[in-house]
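S.K.: Here it is: the structure, laid out below.
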Amino acid sequence: MSDAERKIRVIVAKPGLDGHDRGAKVVARALRDAGMEVIYTGIRQTPAMIAEAALQEDADVVGISILSGAHLELFPHILSACAERDITPANTLFFCGGIIPDEDLAKLHEIGFQGVFGPGANTNDIIEFVREHVAAPA
Amino acid sequence: MSDSLQDWRDGTYDPAVAKRPERRPEFRRSSGEPLAPLSAGRDGAQLGFPGEYPYARGIQPSMYRGRFWTMRQYAGQEDAEASNQRYRFLLDQGQTGLSVAFDLPTQIGYDSDAPEAQGEVGKVGVAIDSIHDMRTLFDQIPLDRVTTSMTINSTAGTMLALYAAVAEEQGVSRAAIGGTIQNDILKEYVARGTFIYPPAPSMRLITDIFDYCTREIPRWNSISVSGYHMREAGCTAAQEIGFTLAHAIAYVEAALAAGLDFDAFGGRLSFFFACHSNFLEEIAKFRAARRLWARIAKERFHATNERAMMLRFHTQTGGVTLTAQQPDNNIVRTALQALAAVLGGTQSLHTNSLDEALGLPSEHAVEVALRTQQIIAHESGVADVIDPLGGSYYVEQLTDEIEAEAIRYIEQIDQLGGAVASIEQGYQQREIMEAAYGRQVDLERETAAARQNGAAPGATGAVTVGVNRFTTDETAHPEVVRVDPSVGQRQSRKLEQLRARRDSAAAGASLDRVQQAASGEENLMPLIMDAVKAEATLGEIANGLRAVWGEHREAVII
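As you go down the protein sequences, you meet chains A and B in turn. Under this note's numbering, the first residue of the first sequence is numbered 1, with each subsequent residue one higher. Under this note's numbering, the first residue of the second sequence is numbered 1001, with each subsequent residue one higher.
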């Protein structure tokens, strides 16, 4: 496949022990229907598993869904596991969704999540966000 | 089955009321005219009667004239101390039963100091590691006077053992305690995700619990077969009933294969459904579920014990229907859903708090949610007569249709080899995913229509007020309840002290016996009881079983 035809590659992951995966699955499906290559990891992923999946799949985008309230604890670990594999917000788009209080948005943005999508978010807005933020292939 | 309203009064209703009087000697209209307990038109006998097979009109002869549903708010957070405070607050506010939310490590069999538990301790419920936590959780709550529902599945046997052990310490015998463990592993594989072991040993543990409860804890509901989480994950009302009853059939068949008697354990099966906002469909759904289960119990399992034919259920209003936008609107959604659950004949009810799309509920929001139930019970008058919507042409037709649709799902699952086999093939998961995605597509078509000037609201049939229609710019963000992040450290410290203090040889020996029995056929429950009393931890017991049974790996379906 030539670079020009390369699809945007997305990992959608559920970290921690939270089993609420309706949102993750719906977003994964919507991104796939929009023509992206999407891998949904399933639930109960450790930071290392998510980072490894991103590495193996050569992901352009990592989307994390969490509803258990453990995001501030778990997300920094995910980013450092990714960084160990040279996957960083500088070369990969990170976004997240779930039950995430507004007051945490600044903190998540600061550590590298460029988008946060809460309850009621529209998948078309997420698709547009991903397309806008993933640089066009060289 | 009575032939007429008079027969029903003479043979069913009057004897029941004589045995247990109703809430009031008389119920009256605003003008003072007395209210008849039940209306039944000329076709009354065709519909059946309350307290009689097939129970479409309710499982008790006098329904809420006799006693209101149990108002049971699901709660639990941080540690046992904090959750005990919340329970005592709720009981002081007039709540009539407890419902315990556990944190995810407790639900998945990890002690609070396990690496897998980090960041999750005390987040979505209370952390329980050992009998010491359980003792604190029910401190000053008399377990002979309150019934407790526990949302616990993979580790349900351990939690029931802990509860019974704490009751015993309070001087309350196992035979006297009442409550429910969810203990429904199949829907965990399908939708909720707190599984540990593969299906076969999980089903064995469940039948061990059925057997043990029948003999030792006779007032305990040994399972709560749950549609709620499948509905939350996206399925339709008819799928909720079809899948839930198919799962119940699988549990009954597993228990029969283990040599249990359906008439003996069937009366302790209970159910748990969601109630969403489509008011009349939800009411019909509950009526259809009751009638269909009665028929399955009688025709498929040849029940003779009437109790085993009665579908008793808990309802929770639909968490997924709550919106983060304009959160006050959630009070109205919850009130409508709660009213539908009551008109559908629920035995107990949880009403969601208005702020649950934002995070953990605040104390104020929990209080409003409980008051919602109290207003329906004490002010609306709907509890003063039995099944007031029974006989409505529309409701009866909808009941028939939903029952027929649910039967088709059960037949499909039967054809796939039963519920366990169909889960392994991903059938329920795929159906739920399709329904969830379809709903999202509809909502977004409505959003697109809203963004076009002039498109009328509701053209696609998928309006969520405040989200894709009637939106406002919101600037106020309600305060969010935070879990104290030090709870994980506190739990770890307690575990460290416990392991240093306890008789390690006795705890170790009790764990060895659980593990040995896991590879054999002996009922595990008495051994788990011994282990929790020997201060073995929840994680240690689960790890012992993991070592023998292995862990379930789910097939990912999108």
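Ideal placement from N, C-alpha and C gives every residue a C-beta, glycine not left out.
Tell me, which residues are paired with residue 97 (chain A) by DSSP?
M.R.: Partner(s): A:65 and A:117.
S.K.: What in chain A is Cβ-close to residue 1438 (chain B), meaning under 9 Å?
M.R.: Within 9 Å Cβ-Cβ: nothing; residue 1438 (chain B) doesn't reach chain A, min ~10 Å.
S.K.: Using DSSP bridges, identify the partner residues of residue 1150 (chain B).
M.R.: Paired residue(s): B:1100 and B:1181.
S.K.: Would DSSP call residue 1276 (chain B) helix, strand or coil?
M.R.: Coil at residue 1276 (chain B), not helix or strand.
S.K.: With three or more beta-carbon pairs closer than 8 Å as the criterion, would you say the region 1128-1144 of chain B touches the region 77-85 of chain A?
M.R.: Segments in contact, no.
S.K.: Buried or exposed: residue 1055 (chain B), going by 16 or more other Cβ atoms within 10 Å of its Cβ?
M.R.: Buried is the call here.
S.K.: Show which residues of chain A have a CB atom less than 9 Å away from the CB atom of residue 1186 (chain B).
M.R.: What residue 1186 (chain B) touches in chain A: nothing, since even the nearest Cβ is about 14 Å away.
S.K.: Helix, strand or coil for residue 37 (chain A)? Go by DSSP, reduced to three states.
M.R.: Residue 37 (chain A) falls in the strand class under three-state DSSP.
S.K.: Check whether chain A comes within 7 Å of residue 1331 (chain B), counting only Cβ atoms and requiring the distance to be less than that.
M.R.: By this cut-off, residue 1331 (chain B) is not an interface position.
S.K.: With 7 Å as the threshold, decide whether the Cβ of residue 1379 (chain B) is near any Cβ in chain A.
M.R.: No, because no Cβ of chain A sits closer than 7 Å to the Cβ of residue 1379 (chain B).
S.K.: Please identify the residue among B:1227, B:1242, B:1190 and B:1183 whose C-alpha is closest to the C-alpha of residue 1213 (chain B).
M.R.: Closest by alpha carbon: B:1183.
S.K.: Residue 1071 (chain B) bridges to which residues according to DSSP?
M.R.: Beta-bridge pairing links residue 1071 (chain B) to B:1349.
S.K.: DSSP three-state label for residue 1526 (chain B), please.
M.R.: Helix at residue 1526 (chain B).
S.K.: Could you give the C-beta distance for residue 1153 (chain B) and residue 1185 (chain B), rounded to a whole number, given that I count them as a contact under 8 Å?
M.R.: At roughly 6 Å, the Cβ-Cβ gap stays under 8 Å, so residue 1153 (chain B) and residue 1185 (chain B) are in contact.
S.K.: For the region 1232-1251 of chain B against the region 1540-1557 of chain B, do three or more pairs of beta-carbon atoms, one drawn from each stretch, fall closer than 8 Å, so that the two count as touching?
M.R.: Output reads no: the region 1540-1557 of chain B does not touch the region 1232-1251 of chain B.
S.K.: Select from A:131, A:132 and A:127 the residue whose C-alpha is nearest the C-alpha of residue 140 (chain A).
M.R.: Lying outside 1 to 138, the shown extent of chain A, residue 140 (chain A) is not represented and no answer is given.
S.K.: Between residue 111 (chain A) and chain B, is there a C-beta pair that is closer than 7 Å?
M.R.: With 7 Å as the cut-off, residue 111 (chain A) does not count as an interface residue toward chain B.
S.K.: Please classify residue 108 (chain A) as buried or exposed, where buried requires at least 16 other C-beta atoms within 10 Å of its C-beta.
M.R.: Flag for residue 108 (chain A) reads buried.
S.K.: Excluding sequence positions up to five away, which residues of its chain have a Cβ less than 8 Å from the Cβ of residue 1174 (chain B)?
M.R.: These residues qualify, in order along the chain: 1164, 1167, 1168, 1216 and 1217.
S.K.: Going residue by residue through the region 1334-1391 of chain B, where are the continuous beta strand (DSSP E) segments of at least 3 residues, counting only ones entirely within it?
M.R.: For the region 1334-1391 of chain B, whole beta strand (DSSP E) runs of length 3 or above, ordered along the chain, are 1348-1350.
S.K.: With distances taken from CA atoms, which of B:1471, B:1246, B:1251 and B:1343 is nearest residue 1285 (chain B)?
M.R.: Ranking the options by Cα distance to residue 1285 (chain B), first place goes to B:1343.
S.K.: I'd like to know whether the C-beta of residue 73 (chain A) is nearer than 7 Å to at least one C-beta of chain B.
M.R.: Yes, because at least one Cβ of chain B sits closer than 7 Å to the Cβ of residue 73 (chain A).
S.K.: Do we get a CB-CB distance below 7 Å when we pair residue 137 (chain A) with the residues of chain B?
M.R.: Confidence is the limiting factor: at residue 137 (chain A) the pLDDT is only 48, short of 50, which leaves the residue's position unreliable, though a coordinate-based value still follows. No, residue 137 (chain A) does not count as interfacial toward chain B.
S.K.: Whole angstroms is fine: what's the gap from residue 26 (chain A)'s alpha carbon to residue 1226 (chain B)'s?
M.R.: Distance between the alpha carbons of residue 26 (chain A) and residue 1226 (chain B) is about 22 Å.
S.K.: For the region 47-69 of chain A, list every residue whose C-beta sits within 9 Å of some C-beta in chain B, in sequence order.
M.R.: Per Cβ criterion, the list reads 67, 68 and 69.
S.K.: Per DSSP, residue 1269 (chain B) is paired with what?
M.R.: Answer is B:1223, bridged to residue 1269 (chain B).
S.K.: If we call anything under 7 Å between Cβ atoms a contact, is residue 1557 (chain B) one with residue 1430 (chain B)?
M.R.: Yes, the Cβ-Cβ distance between residue 1557 (chain B) and residue 1430 (chain B) is below 7 Å.
S.K.: Quick check: the region 1199-1206 of chain B against the region 1391-1407 of chain B, are at least 3 beta-carbon pairs closer than 8 Å?
M.R.: No, the region 1391-1407 of chain B does not touch the region 1199-1206 of chain B.
S.K.: With distances taken from CA atoms, which of B:1145, B:1170, B:1142 and B:1180 is nearest residue 1160 (chain B)?
M.R.: Taking only the C-alpha atoms, the option nearest residue 1160 (chain B) is B:1180.
S.K.: Any beta carbon from chain A within less than 7 Å of residue 1029 (chain B)'s own beta carbon?
M.R.: Taking Cβ atoms only, chain A never reaches closer than 7 Å to residue 1029 (chain B), which makes this a no.
S.K.: Is there contact here, the region 63-71 of chain A with the region 95-110 of chain A, by at least three beta-carbon pairs under 8 Å?
M.R.: They touch, by the three-pair rule.
S.K.: Would you mind stating whether residue 1057 (chain B) and residue 1387 (chain B) have Cβ atoms separated by less than 7 Å?
M.R.: Yes, these two residues count as a Cβ contact at 7 Å.
S.K.: May I ask you to check if the CB of residue 1506 (chain B) is nearer than 6 Å to at least one heavy atom of the ligand HEM?
M.R.: You won't find the ligand HEM in this model; it holds no ligand whatsoever.
S.K.: What did DSSP end up calling residue 1034 (chain B) once you bin it into helix, strand or coil?
M.R.: Of the three classes helix, strand and coil, the one that applies to residue 1034 (chain B) here is strand, per DSSP.
S.K.: Of all the options B:1397, B:1126, B:1299 and B:1413, which has the alpha carbon lying nearest to the alpha carbon of residue 1490 (chain B)?
M.R.: Nearest of B:1397, B:1126, B:1299 and B:1413 to residue 1490 (chain B), Cα basis: B:1126.
S.K.: Anyone know if the C-beta pair for residue 152 (chain A) and residue 62 (chain A) falls short of 7 Å?
M.R.: For residue 152 (chain A) there is no data in the structure shown, the boundaries of chain A being 1 and 138.
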